[in-house]
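Peer 1: Dropping the structure in here first, questions after.
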Amino acid sequence: MIIKHLSLTNFRNYGRLDIDFGPSVNIIYGDNAQGKTNIIEAISVASCLSSHRTVKDKEMVAFGSSGYEISMQCENEYDNSFADFYVGYFVPEGNESSSNHAKRVLKQDGFIIPKLSEYVGVCNTVIFAPEDLNLVKGAPAVRRRYLNLLISKVSPSYINLLNQCRRLIDQKNLCLKSSDAASGQPDALDFWDYPLSQVSAEIVIKRYLFTCMLSKKARDSHLSISQGLEELSVRYTTISGCIDLIEDFLEERDMFDVFIARELSVALYAELRGILGNYIYSKLVSSRRYDLERGSSTSGVQKDDLEILLNGLPMKQYSSQGQQRSAALSLKLSELQIVRDCVASYPILLLDDVFSELDVNRRVSLISGMVDAQIFITCTDRSYIEKELDALLSSTVKSNFYHVKDGNVEVS
1 MIIKHLSLTN FRNYGRLDID FGPSVNIIYG DNAQGKTNII EAISVASCLS
51 SHRTVKDKEM VAFGSSGYEI SMQCENEYDN SFADFYVGYF VPEGNESSSN
101 HAKRVLKQDG FIIPKLSEYV GVCNTVIFAP EDLNLVKGAP AVRRRYLNLL
151 ISKVSPSYIN LLNQCRRLID QKNLCLKSSD AASGQPDALD FWDYPLSQVS
201 AEIVIKRYLF TCMLSKKARD SHLSISQGLE ELSVRYTTIS GCIDLIEDFL
251 EERDMFDVFI ARELSVALYA ELRGILGNYI YSKLVSSRRY DLERGSSTSG
301 VQKDDLEILL NGLPMKQYSS QGQQRSAALS LKLSELQIVR DCVASYPILL
351 LDDVFSELDV NRRVSLISGM VDAQIFITCT DRSYIEKELD ALLSSTVKSN
401 FYHVKDGNVE VS
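Under my numbering, think of the first position of the sequence shown as 1, with each following residue one higher.
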């Protein structure tokens, strides 16, 4: 997909914006706090329903407004067909201070899309921003969100699993606070624990699969970036015993490579899911006493994390900021490759105020694999970026420049 046109209404500092983009490199430049990042954010929201700056829609609404609208027209570069994407977020009048009554509307080609899983994955973007340092040093929730977004781009039905799991955990937590659970009636918790274990099993399998893919590609990317001096790996941590169970199951059947290639048979996948689901159920049952004491679920996939290792050591404790930036870049390069390989088309690359911070090797690593993709870059210095891109791109690649000042955008 290539973004041809973007329209914003009451989004961040834009009351109204209409802008056309080129098919190759689009450079959005201007002083700080003028609205450059807001354009990148709007593209990310319109494509993947995700902002790299906030998880709250109301924070993206222009001051004094009751909602925002994003419209984006894209072209499929393979058959030249067009697709229109629309995201609207509205808060009823009188409820501006609360998001409880807010409504989000999704449309594709003018038709309302009722499910997130039917919207995500059609137009994929990958964003690299300063906030990505949190992938290494941030809380587990940051890495879970990153992994969830990656899987959703390739397998949109995964969103349904996450929603089911979230609802079941919420209901279980209510049950843990109820008199039935407190009085020791196991049926009250069984009603939630069994379906939760089955959904959790599928989430664990998908997270393990994509972590394996991510780790392999991140290792290769990082060896190139570090000129062979550093080895990066990613390890998935979840309910104790689950990873051993999956690996034993696959190794006993000599199916690990088939699994990583996403070619495991339906029958074997169902068998693995059933065995893992029963195991997770036993772990949920064994944690009930502690759950009751806490009044909430203490074990489950909601506690999952990714451990990022450099030369075998956890980067959260043993890495410099430069190493963290390189690791974040390697993860993003891996994300690009996974989406491209699984979807068979290039995702759109969004670089928000990071290009100038990368050294020559990192810039080459980032751009060299994306010469056929559409790229958006925000920066403050046009001449610097123009000079750097001239050295990285062929003379046939045309760059488009957009100057942003006080929420106004001019093609330059």
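Every residue gets a Cβ at the ideal spot worked out from N, C-alpha and C, and that includes glycine.
At what residue ranges does the stretch 21-61 contain a whole run of the beta strand (DSSP E), taking only runs of 3 or more?
Peer 2: The qualifying runs are 25-29.
Peer 1: Under DSSP, the alpha helix (DSSP H) around residue 274 begins and ends at which residues?
Peer 2: Numbered from 1 along the sequence shown, position 274 holds the residue referred to as residue 274. Element bounds for residue 274: 266-286.
Peer 1: Please say whether residue 65 and residue 169 have beta carbons closer to each other than 7 Å?
Peer 2: In the sequence shown, residue 169 corresponds to position 169, counting from 1. In the sequence shown, residue 65 corresponds to position 65, counting from 1. No.
Peer 1: Whole angstroms are fine: how far does the CA of residue 256 sit from the CA of residue 455?
Peer 2: No statement about residue 455 is possible, as the shown extent of the chain runs from 1 to 412 and does not include it.
Peer 1: Compute the distance between the beta-carbons of residue 140 and residue 305, then report whether it is under 7 Å.
Peer 2: For this step, residue 140 is matched to residue 140 along the sequence shown. For this step, residue 305 is matched to residue 305 along the sequence shown. In this structure, residue 305 lies closer than 7 Å to residue 140 by Cβ.
Peer 1: What does DSSP give as the partner residue(s) for residue 112 in the beta ladder?
Peer 2: Counted from its first residue, the sequence shown places residue 112 at position 112. Partner(s): 107.
Peer 1: Taking contact to mean at least 3 C-beta pairs separated by less than 8 Å, is the stretch 105-112 in contact with the stretch 10-21?
Peer 2: Judged by Cβ distances under 8 Å, the stretch 105-112 makes no contact with the stretch 10-21, as fewer than three pairs qualify.
Peer 1: Quick check on the DSSP output: the beta strand (DSSP E) that includes residue 405 runs from which residue to which?
Peer 2: Sequence index remark: in the sequence shown, residue 405 carries index 405 (1-based). Unbroken beta strand (DSSP E) run through residue 405: 399-405.
Peer 1: For residue 321, which option in 133, 44, 51 has the closest C-alpha, if you only look at C-alpha atoms?
Peer 2: Residue 321 sits at position 321 when you count from the first residue of the sequence shown. Checking every option, the nearest Cα to that of residue 321 belongs to 133.
Peer 1: So residue 86 and residue 10 are in contact, right, with Cβ under 8 Å, and what is the actual spacing, rounded?
Peer 2: To locate residue 86, count along the sequence shown from 1; it is residue 86. To locate residue 10, count along the sequence shown from 1; it is residue 10. Between residue 10 and residue 86 the Cβ distance is about 14 Å, and since that is not below 8 Å, they are no contact.
Peer 1: Under a three-way DSSP split, which group does residue 7 fall into?
Peer 2: For this step, residue 7 is matched to residue 7 along the sequence shown. In the structure shown, residue 7 sits in a strand (DSSP, three-state: E or B).
Peer 1: Looking at C-alpha atoms only, which residue of 268, 317, 237, 239 is the closest neighbour of residue 251?
Peer 2: Residue numbering aside, residue 251 sits at position 251 when the sequence shown is read from its first letter. Closest by alpha carbon: 268.
Peer 1: Answer with buried or exposed for residue 211, where buried requires no fewer than 16 other C-beta atoms within 10 angstroms of its C-beta.
Peer 2: Looking up residue 211 in the sequence shown gives position 211. Residue 211 comes out buried.
Peer 1: Three-state secondary structure (DSSP) at residue 229?
Peer 2: The sequence position of residue 229 within the sequence shown is 229, counting from 1. Looking at residue 229 - three-state DSSP - the assignment turns out to be coil, as it is neither helix nor strand.
Peer 1: When you compare the CB positions of residue 330 and residue 232, do they come within less than 7 Å of one another, or not?
Peer 2: Walking along the sequence shown from the start, residue 330 turns up at place 330. Walking along the sequence shown from the start, residue 232 turns up at place 232. Yes, the Cβ-Cβ distance between residue 330 and residue 232 is below 7 Å.
Peer 1: Taking the alpha-carbon positions, what's the residue 378 to residue 327 distance?
Peer 2: The count along the sequence shown starts at 1 and reaches residue 378 at position 378. The count along the sequence shown starts at 1 and reaches residue 327 at position 327. Their Cα atoms are separated by approximately 21 Å.
Peer 1: If you draw a straight line from the alpha carbon of residue 204 to that of residue 408, how long is it in whole angstroms?
Peer 2: Mapped onto the sequence shown, residue 204 falls at position 204. Mapped onto the sequence shown, residue 408 falls at position 408. In a straight line, the C-alpha of residue 204 is about 46 Å away from that of residue 408.
Peer 1: Quick one: what does DSSP say residue 237 is sitting in, helix, strand or coil?
Peer 2: Locating residue 237 in the sequence shown gives position 237, where the first residue counts as 1. In the structure shown, residue 237 sits in a strand (DSSP, three-state: E or B).
Peer 1: How about residue 280 and residue 197: do their beta carbons lie closer than 7 Å?
Peer 2: Taking the first residue of the sequence shown as 1, we reach residue 280 at position 280. Taking the first residue of the sequence shown as 1, we reach residue 197 at position 197. Yes. Within cutoff.
Peer 1: Going by the beta-carbon positions, is the gap between residue 120 and residue 152 smaller than 7 Å?
Peer 2: As a first step, residue 120 must be located in the sequence shown, where it is residue number 120. As a first step, residue 152 must be located in the sequence shown, where it is residue number 152. Taking 7 Å as the Cβ cut-off, residue 120 and residue 152 qualify as a contacting pair.
Peer 1: Quick check on the burial criterion: 16 or more other C-beta atoms within 10 angstroms. Buried or exposed for residue 384?
Peer 2: Counting from one through the sequence shown, the residue named residue 384 turns up at place 384. Classification of residue 384: exposed, given that the 10 Å Cβ count is below 16.
Peer 1: Taking all protein chains shown into account, decide if residue 325 is buried (16 or more other Cβ within 10 angstroms of its Cβ) or exposed.
Peer 2: For the purposes of this step, residue 325 is identified with residue 325 of the sequence shown, where counting begins at 1. When all chains shown are included, residue 325 counts as buried.
Peer 1: Looking at the unbroken alpha helix (DSSP H) that takes in residue 386, where does it start and where does it end?
Peer 2: Taking the sequence shown and counting its residues from 1, the one referred to as residue 386 is at position 386. Start and end: 382-392.
Peer 1: Please state whether the Cβ-Cβ distance between residue 74 and residue 3 is less than 7 Å.
Peer 2: Residue numbering aside, residue 74 sits at position 74 when the sequence shown is read from its first letter. Residue numbering aside, residue 3 sits at position 3 when the sequence shown is read from its first letter. Cβ atoms of residue 74 and residue 3: closer than 7 Å.
Peer 1: Measure the alpha-carbon distance for residue 21 versus residue 130 and round it to whole angstroms.
Peer 2: The count along the sequence shown starts at 1 and reaches residue 21 at position 21. The count along the sequence shown starts at 1 and reaches residue 130 at position 130. The alpha-carbon atoms of residue 21 and residue 130 are separated by roughly 24 Å.
Peer 1: Taking the straight line between their C-alpha atoms, what separation do you get for residue 339 and residue 214?
Peer 2: On the sequence shown, residue 339 is found 339 positions in, with the first residue counted as 1. On the sequence shown, residue 214 is found 214 positions in, with the first residue counted as 1. Residue 339 and residue 214: Cα-Cα distance of roughly 11 Å.
Peer 1: Judging by CA-CA distance, which residue of 302, 300, 137, 386 is the nearest neighbour of residue 316?
Peer 2: Reading the sequence shown from its first residue, position 316 is the one you call residue 316. Comparing Cα positions, the closest option is 137.
Peer 1: If we call anything under 7 Å between Cβ atoms a contact, is residue 29 one with residue 57?
Peer 2: Taking the first residue of the sequence shown as 1, we reach residue 29 at position 29. Taking the first residue of the sequence shown as 1, we reach residue 57 at position 57. Cβ atoms of residue 29 and residue 57: not closer than 7 Å.
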